[in-house]
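The block underneath contains the structure these notes are about, expressed in C-alpha cells.
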Amino acid sequence: GISSYLGKNIISILPSQEILFFPQGVVMSFYGIAGLFISSYLWCTILWNVGSGYDRFDRKEGIVCIFRWGFPGIKRRVFLRFLMRDIQSIRIQVKEGLYPRRILYMEIRGQGIIP
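Be aware that the sequence shown starts at 1, since it is given in my numbering, and climbs by one per residue.
Structure, rendered in C-alpha cells:
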C-alpha cells in the first residue's frame, strides 16, 4: 500500500510499480492497518493473561470459588464465591470437529448459568 503510494520499493522482494494506488493500494493499506490492530489486541490478551484463573471446590466448607483475570481496569479481577448447595446443575458442552470446544456450565440458584 505505502510502496504503491510513494512509487518506491520499500520491500525489495516485491515490485510495487505494477500495483496502482487506487484501488489496490488503498485496500492493501486498509488490510495492513486492520492487521496491526488485531495483532496488537491478540498480543495484549496473551501478555495480560486474560481468561486465566482457577476454580476451587472446597467440600469441607461447602464453598465454590471461581477466579479469572480480565482486561486491565476496574474489573480486572473476576472473583465469584457461592455455596455448593446453591448449585442446581452442572452441564458439559462438547463440540467436536475442526475447532473442538469443551465448556463446563454451572447453574447457580439466583445467579443463572456461569460458564
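Glycine is no exception: its CB is placed at the ideal position from the N, C-alpha and C atoms.
| Item | Value |
| --- | --- |
| Chain-order list of residues whose beta-carbon lies under 6 angstroms from that of Phe-79 (same chain, five-residue window excluded) | Phe-67 |
| Contact check, Tyr-99 vs Pro-115, beta carbons under 7 angstroms | no |
| Any beta strand (DSSP E) of 3 or more consecutive residues that is wholly inside the region 63-100 | 63-69, 77-83 and 87-95 |
| Other residues of its chain near Gly-53: CB distance less than 8 angstroms, five sequence neighbours each side excluded | Ile-66, Phe-67, Arg-68, Trp-69 and Val-78 |
| Own chain, CB closer than 6 angstroms to Arg-81, minus 5 neighbours either side, in chain order | Cys-65 |
| Helix, strand or coil at Ile-10 [DSSP, three-state] | coil |
| For Arg-56 and Leu-83, the rounded distance between their alpha carbons | 12 angstroms |
| Rounded C-alpha distance that separates Ile-74 from Gln-111 | 22 angstroms |
| Beta-carbon gap between Arg-109 and Gln-93 smaller than 7 angstroms | no |
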